[in-house]
Each structure stands twice: as structure tokens, then as C-alpha cells.
Amino acid sequence: MPKITISPVTRIEGHARITIHLNDAGEVAQSYFHVEQFRGFEKFCEGRLFYEMPQITPRTCGICPVSHHLASAKACDRIVGVRPTLTAHKLRELMHMGQLIQSHAMHFFELSGPDLLLGFDADPRIRNIAGLVQTHPDLAIKAVRARAFGQEIIRRLGGRKVHPIFAIPGGVNKPLEPADRDWLLGQIGEHIATAQMGLAIWKDWLEKNSAMVAEFAVFPSAYMGLVRDDGALELYEGTVRLIDADGNILDEFNPCDYLDYVGEHVEPYTYLKYPFYKKLGYPAGVYRVGPLGRLNVASHISTPLAQDEMKVWKSLNGGKPVEGSLFYHYARLIEFIYALERAQELLEDRDILRTDIASDGGTITGEGIGCLEAPRGTLFHHYWTDEHGIIRKVNLIVATGHNGWAMNHAVNLVAKRYVDGTKLTEGMLNRVEAAIRAYDPCLSCSTHAMGQMPLRIELYSARGELLETLEREA
Amino acid sequence: MTSNGKPKVAFFDFACCEGCQLTVVDSLQTHLDLLEAVEIVQFREAISDRGEDYQIAFIEGSCTRQADEERLRKIRAQASVVVALGACAHTACVNALKNLHPLEDVRRWVYGDQAEWYDTYEARPISAVIEVDAIIPGCPIDREEFIRVVKALLLGKKPPLPDYPVCVECKLKENVCMFHIGKFCMGPVTRAGCGAICPTYGDGCEGCRGFIPAPNENAMKDVLADAGLTVEAIMARFTMFNTYLVSARKADGEERR
Ligand code: SF4
Ligand code: SF4
Ligand code: SF4
Numbered sequence: 041m042p043k044i045t046i047s048p049v050t051r052i053e054g055h056a057r058i059t060i061h062l063n064d065a066g067e068v069a070q071s072y073f074h075v076e077q078f079r080g081f082e083k084f085c086e087g088r089l090f091y092e093m094p095q096i097t098p099r100t101c102g103i104c105p106v107s108h109h110l111a112s113a114k115a116c117d118r119i120v121g122v123r124p125t126l127t128a129h130k131l132r133e134l135m136h137m138g139q140l141i142q143s144h145a146m147h148f149f150e151l152s153g154p155d156l157l158l159g160f161d162a163d164p165r166i167r168n169i170a171g172l173v174q175t176h177p178d179l180a181i182k183a184v185r186a187r188a189f190g191q192e193i194i195r196r197l198g199g200r201k202v203h204p205i206f207a208i209p210g211g212v213n214k215p216l217e218p219a220d221r222d223w224l225l226g227q228i229g230e231h232i233a234t235a236q237m238g239l240a241i242w243k244d245w246l247e248k249n250s251a252m253v254a255e256f257a258v259f260p261s262a263y264m265g266l267v268r269d270d271g272a273l274e275l276y277e278g279t280v281r282l283i284d285a286d287g288n289i290l291d292e293f294n295p296c297d298y299l300d301y302v303g304e305h306v307e308p309y310t311y312l313k314y315p316f317y318k319k320l321g322y323p324a325g326v327y328r329v330g331p332l333g334r335l336n337v338a339s340h341i342s343t344p345l346a347q348d349e350m351k352v353w354k355s356l357n358g359g360k361p362v363e364g365s366l367f368y369h370y371a372r373l374i375e376f377i378y379a380l381e382r383a384q385e386l387l388e389d390r391d392i393l394r395t396d397i398a399s400d401g402g403t404i405t406g407e408g409i410g411c412l413e414a415p416r417g418t419l420f421h422h423y424w425t426d427e428h429g430i431i432r433k434v435n436l437i438v439a440t441g442h443n444g445w446a447m448n449h450a451v452n453l454v455a456k457r458y459v460d461g462t463k464l465t466e467g468m469l470n471r472v473e474a475a476i477r478a479y480d481p482c483l484s485c486s487t488h489a490m491g492q493m494p495l496r497i498e499l500y501s502a503r504g505e506l507l508e509t510l511e512r513e514a
Numbered sequence: 315m316t317s318n319g320k321p322k323v324a325f326f327d328f329a330c331c332e333g334c335q336l337t338v339v340d341s342l343q344t345h346l347d348l349l350e351a352v353e354i355v356q357f358r359e360a361i362s363d364r365g366e367d368y369q370i371a372f373i374e375g376s377c378t379r380q381a382d383e384e385r386l387r388k389i390r391a392q393a394s395v396v397v398a399l400g401a402c403a404h405t406a407c408v409n410a411l412k413n414l415h416p417l418e419d420v421r422r423w424v425y426g427d428q429a430e431w432y433d434t435y436e437a438r439p440i441s442a443v444i445e446v447d448a449i450i451p452g453c454p455i456d457r458e459e460f461i462r463v464v465k466a467l468l469l470g471k472k473p474p475l476p477d478y479p480v481c482v483e484c485k486l487k488e489n490v491c492m493f494h495i496g497k498f499c500m501g502p503v504t505r506a507g508c509g510a511i512c513p514t515y516g517d518g519c520e521g522c523r524g525f526i527p528a529p530n531e532n533a534m535k536d537v538l539a540d541a542g543l544t545v546e547a548i549m550a551r552f553t554m555f556n557t558y559l560v561s562a563r564k565a566d567g568e569e570r571r
């Protein structure tokens, strides 16, 4: 029987390419991570009606369509100048938790889990979920069930797991059925236990590999993420907080004002634009987003089991932000617990079954911004329309964009540490892959064909001659 | 056929979100009997081995550049049955929205100074390039329909595709019609098979499964206009998933005139 499993995927035409440039002494001088970004969706959307955007934008990516769907609906709320009802707000957040649960479950158990449990140097042909099924069958089954549970939240609210039919400007299409609420609530305990089991596995691995982790793509940066008014971790709606490398708050702002704070820098070697904090300029103002960024900016977590783990997290670097790239995996697992606990809170909320699910539209304001924390980091949707609601301009900043600089830097550090002289090795490829994978970028390169990403590494001499190419097909 | 007599199946993807392949993985997990009946030799989402001899090819995604054509022809030459998997392959889906803009603008916008490096042209369904034997419509595909089509293909039958509109399924579900609650719906002209999932979940059909044979487009436009949509908004309902078809028909009409 062929083995079937799921890998996350995306929408990029072409490979990710890494170039490594040597100096005269034959040491690594600099390396670059080159990416081709979006298919131009921002441009295609011009001329469409704003209310189509929650259905059009998710079609950029079948892996986290829900993040785009909801961020888009939030932008549309502002275009019609209405607030969704409280019920709609809670239902949307519930669906968002479903997305976080399925994405984080998949990443840990199917992508990073095999790296950790089977070893970075294991053959890519077994370093995947199928390999994990062989060596850790119990864990693999639990992981698949946890992911399916996240998808089931999405399906029960929006009819299907991919491209749900759910959020509209001002609210959502359908209330939650009591039977679905009861079914979902009945399942959650099992998956919280799975998430805790994953975290225990990670901590055990960390203890055994602490020396390697301590030197693997560890670097200071600023961090960005949403927080609640009291500074708690927030994934659906909050204030954007930026902290510096020492953990001091640089700024806190309403996501709708992001253009005043976030600039985008263009580098010639990649199609990713690198966002930065304007007051510090580029490159001083680069920051990291995603699980690591979020746990570093938040002061605590509002749910009890995740908060227990958050206390440990905050002690890891003596109260300062945690810097190691591999700690993304750690942070992701704490968030996994939070998303499950938060889903439980929402399902237990006495308002969750209410049927006041949409507010009537007001008048077209001409502009709308929607922001939330997608699994991989802060996501902005920004639309400008004419007075009839026809889209004139679109700006999307996706998590992989925010982390573009950091991924490039992580690759650079790993290359300097593991590449010696003029020879590229398979071990080198595996480590570069691990560095990129920590950030869980939404690129075809990070995730295609379980256990293996299509990747090309080119080695250049100080004079710019191509010395060697290592290529790995998906 | 393989030595064990099982047909070999391959999956390929072109420009798309890959949501249909994920849906395939999902439906196979609950139909393990089907997995027993075939041998999957290529499937980027799920297996890392590659085999080049296959009889049935499922193609997901739209053709968006010259280089895609060659790849499509190679697949066609090898496979005895080619199936368009999902709206991207079937109608060019939302990828074709880019066809409504001058190509040069899109190219410059995305790739700036390096625009000429970027090999891209108008998005099109795979049937614009190669002959297609079967279609699984939808964005994404319906998981049960996928299973039905594969079973039919394995029996050597032409897979059934409903030629009646979404409204038929919608009425069977006893949904409140979207037009009665102030929403808009393309159900009357759209090919059924999804179980009218959008109206069932409270939203109008957007036509992701393509049109029924000989749809009465003018009547549909009148209904939408009576419901209060502007001319622009009516066109938007027709073009969200069917830009390629609508543009092709328009070009066809102009030629005949
Ligand atoms: S048809 Fe829709 S779901 Fe399928 S690949 Fe295309 S955009 Fe994704
Ligand atoms: S909701 Fe749409 S599909 Fe259903 S009956 Fe009305 S027009 Fe037809
Ligand atoms: S109701 Fe219409 S838009 Fe929805 S899935 Fe069916 S065909 Fe597609």
C-alpha cells in the first residue's frame, strides 16, 4: 500500500535558491536565500468588488487559506464601516484556532518531528511522517488525529476544510449548531494531551542536544506580534507590540496604523520584500514574527496550561527574548496548547450558539485593514476601494515576508558554521533545510514532498565563479 | 499496468493553491480500499518517489506559461487517461483574473526590473493545451465526487458529471433560497455536484464548478439585476471563477460578427 500523508505546500513557481559566496581564504563570506514570492494576486484583485476578497485571497494558498479568509473579512468590515457582532467575532476566532491547531500539529509532527526524532542526518527518504509511523506509531496516530481535529473545527463552521464558506463583511454566514459544539468540546481533552506529549518530547530532545541548539542560528533581533491590552498572547485581534533584542518595548500600535511603523526594504537577490520598523530603519529595525516572536513579545498567556509553559519559556534566557531559531519549535508547541485551550473557552462561552451573526453594512469608507496572527506570523490585508467598493489597490504583508531577513540571516550563520572550504555535503544541505524549516516559511521549498524540500545550493568563489551546485528535487 | 495488475496513477500540479491535492489526500484517508486498487507512482504532496510509467494522470492547476505546455504534452503522451483535477485545471479558476489586466503590467508589478526573466502568459485551463478525458470540477474538488470519478475510471467507464444546475441539489436540501434573504447566487447556471454546499452554509454560489451545458445567461443576468446588482457586480459574479470561459466566448462572438 502506498504511504499517504500530508505536507503543507504553497504557491510559488520555482525553487528556493541559496547561494554561498567564499572569500579569498576559502571561507564563507556571505550567503543568500533567494525567493520568488506571490503570483501577483495583489495586482489581479484590482477591479474586483471588495466583498469578493474573502473568497479570492485564500486561493493563494491551500495550506493556510483560513488566515487569508479571516484577515480579508476583517479588512472588509472596515470598508463597510461595521463591527461584526460579538457572536460573529467569537465564531471567527474559533475558526482561527482550528487553523492554528491544524497547522501547528502538522508542522511539529510531520515536518520538524521527524527531524528531531529520527535525526537531522537521517536519510530524507525515511525522515518524514512515514518514517515516524514506523518508529513512533502511537505518536504519529495521535498527531494525525490532532490535525484532523483542527480541520474539523473549520469544516463544521464553514462546510469544508479547504476554502470554507464562512466569513463575510460584518460577520459570518451561519451560526454554530449545538450538536457540533458538543462534539467538538468532547474531543478537545485528547488533543491537549497530545500537544503536551509533543512538548515533553521536544524538551527531552532539547536536553540531549542543548550544545547544538545553543549554537544553531542563534542571533539577536527585534520581535513583533499581537498582544491583548494586558500584554497577554493574542492571535486573532489585538495591538501590535514590537520589542527590541533585550526585550524592551519599542512600540505598541493599532494594526490599522501599520504603514506608519512598518517599511519594506527591497534587496536585489530575492523577491521577498523585507519589512522593518521604520523608526530604526533598515537593517537595524528588522524583526522576527511567528511563534518565537509572539512568545517573546507577550508577557503571559491567558489560559492555564499554556501559561505554566510560558513561565518556563520566560526563564530560558534569563527574562530576555529567546534567540535560537530552533526554539521556534518550542514556541509552536506552547501555542498549540494555547490554541486548544482557547478553542475550549470559546466553545464553552454561553454566547457561542447565538444566532446574531452578522451586522448590517454601513457606507463604503474606501479603505480597510485586517490583521491577525497567522500560524507563521503577523498577516496584514490592506485594501483601498472607490466609492462603489471596487478595489483600487491591495497590499498584503505575509508572515514569510516579515521573516525574510531572519531566514536569510539564519542560513548565513548555518553556512558559516557548517560549510568548510570548497565542498558541499549532504549534511550541509540537511542543516540549511533545518534552519529554514524552523521558520516554517510558506514556500514550496520548505515543505514539499515530506521530509525533503526542493532546494538548490550554489557555491561561488571570491571571484564569482560557480564552483559547485547541489540540487535536490522535490 | 504493474505486475500486480493495478493501474498506475500519477498526480501533477501547475499554478494553483494545491488545495485540491490536499483534498485528495484527505479523501483517500477514509477510502483505503481505493488505495489498495491502484498504485500511486507520483504525488508530490504525499510520496517522494517518482515513477514515469503511469496510465492515469490527475492534473491540478492552470497552465500559466509557455514551459507548462511542454510538460502537459509529455504527460498527455504517457497517460491513457488525463483528468482535470479541480477548478484551476478545469476553468483556470481565479488564476484567470490576471487575464483581465495587461500582462505587461502584472509582470512589471511582480518582478520589476527583472520582468523579462519571468516566463508567464494568460492563465488557461489545461484543456486549452491538451485533450482531457475527465473533469473533477470545483474549488476545491468535492471529496466524495473524487472517489466516484476514480471508481468509474477504474471500471473503464466515463465518469458521470451532473448536467443540471446547483439549484436542483439546493432544493433537495430544502435550503432557503439565497435570493430570499437578500444574497446573490449563481446556482441556476452552475453545474451541480457539490451538494449546493455554499447555499447550505449560507452563501450564494460563485460558480466554481463551471456552467451547465447551454446555460441561460441572459435570464441569470436579469435575475441578478432584479435582485439589485449593478452591471459591474453582475459581471463580477460571472468572472470570479469563469473569467477564461467568459473571455473566450466574448472573443468567439466578436469573431463571428
Ligand atoms: S481549484 Fe481551488 S482549491 Fe483547487 S487548487 Fe485551484 S485554487 Fe486550490
Ligand atoms: S440558493 Fe442558489 S442554488 Fe439554491 S435555489 Fe436559490 S438560486 Fe438556486
Ligand atoms: S455552490 Fe457553487 S461556488 Fe459553491 S461549491 Fe458549489 S458550485 Fe462551487
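Residue numbers (the working numbering), protein chains in the order written: chain G, 41 to 514; chain Z, 315 to 571.
The beta-carbon is built from N, C-alpha and C at its ideal position, and this holds for glycine as well.
Sixteen is the threshold: since fewer than 16 other Cβ atoms of the shown chains lie within 10 Å of the Cβ of Y478 of chain Z, the residue is exposed. Look at the stretch 238-298 of chain G and you find these whole runs of alpha helix (DSSP H), each 4 residues long or longer: 250-255. V459 of chain G is not a Cβ neighbour of V212 of chain G, given a cutoff of 7 Å. Within the same chain, and ignoring the five residues on either side of E445 of chain Z in sequence, the residues whose Cβ sits closer than 8 Å to its Cβ are R390 and V396.
Put simply, the CB of C101 of chain G is near chain Z, with a gap under 7 Å to one of its CB atoms.
Taking the Cβ atoms as the reference, H109 of chain G lies roughly 7 Å from P204 of chain G, within the contact range of under 8 Å. Judged by DSSP in its simplified three-state form, A391 of chain Z adopts helix. Taking 7 Å as the cut-off, the Cβ atoms of A219 of chain G and I377 of chain G do not count as close. In the pairwise beta carbon analysis, the stretch 252-271 of chain G is classified as touching the stretch 363-380 of chain G: at least three pairs are separated by under 8 Å. When the Cα atoms are used, A188 of chain G and R196 of chain G turn out to be separated by approximately 12 Å. Annotation for P476 of chain Z indicates a beta carbon at 6 Å or more from all heavy atoms of ligand 2.
Following the DSSP letters along the chain, one finds A183 of chain G inside the alpha helix (DSSP H) bounded by residues P177 to G198. Neighbours of H415 of chain Z in chain G, taken as residues whose beta carbon is under 8 Å from its own, are K83, F84, E86 and G87 in chain order. Straight-line spacing of the CA atoms in E520 of chain Z and I392 of chain G works out to 28 Å.
When C-beta distances to chain Z are compared with 9 Å, the residues of the stretch 194-211 of chain G below that value are L197, G198, G199, R200, K201, V202, H203, P204, I205, F206 and I208, in chain order. Checking the DSSP bridge columns, you'll see I437 of chain G partnered with G:F420.
When G:G467, G:L373, G:F84 and G:T59 are compared, the shortest CA-CA separation from M237 of chain G is found for G:L373. Residues close to ligand 2 by the beta carbon criterion (under 5 Å to any non-hydrogen atom) are, from first to last along the chain, Z:V480, Z:C481, Z:C484, Z:C491, Z:M492, Z:C499, Z:G501 and Z:P513.
Within the stretch 476-556 of chain Z, there are no complete beta strand (DSSP E) runs of at least 3 residues.
Within the stretch 212-241 of chain G, the residues whose Cβ lies closer than 7 Å to some Cβ of chain Z are N213 and K214, listed in chain order.
Neighbours of E92 of chain G across chain Z, judged by C-beta separation under 7 Å: A550 and M554. Taken through DSSP and simplified to helix, strand or coil, D566 of chain Z comes out as helix. Using a Cβ-Cβ cut-off of 7 Å, E520 of chain Z is close to Q95 of chain G, given in chain order.
Distance from the Cα of A401 of chain Z is smallest, within the candidate group Z:I373, Z:G518 and Z:I461, for Z:I373. Following the DSSP letters along the chain, one finds A450 of chain G inside the alpha helix (DSSP H) bounded by residues G444 to Y458. With a cut-off of 6 Å, the C-beta of C331 of chain Z is classified as distant from ligand 3, since no heavy atom of the ligand falls inside that distance. Note on Q191 of chain G: 16 or more other CB atoms within 10 angstroms of its CB, so buried under the neighbour-count rule. Here E546 of chain Z is exposed: its Cβ has fewer than 16 other Cβ atoms, across all protein chains shown, within 10 Å.
For D396 of chain G, the closest of G:A128, G:E375 and G:L225 by C-alpha to C-alpha distance is G:A128. Judged by DSSP in its simplified three-state form, H305 of chain G adopts strand. Distance between P454 of chain Z and V202 of chain G, taken at the CA atoms: about 7 Å.
Taking C-beta atoms as the reference points, I511 of chain Z and G198 of chain G fail to come closer than 7 Å.
Among the residues of chain Z, none has a CB under 9 Å from the CB of P331 of chain G; the nearest is roughly 22 Å distant.
Following the DSSP letters along the chain, one finds Y370 of chain G in no beta strand (DSSP E) but inside the alpha helix (DSSP H) bounded by residues F367 to E388. Identification of residues in the stretch 330-343 of chain Z having a C-beta nearer than 8 Å to some C-beta of chain G yields C330, C331, E332, G333, C334, Q335, L336, T337, V339, D340, L342 and Q343, given in sequence order. For A448 of chain Z, the secondary structure class from DSSP, reduced to helix, strand or coil, is strand.
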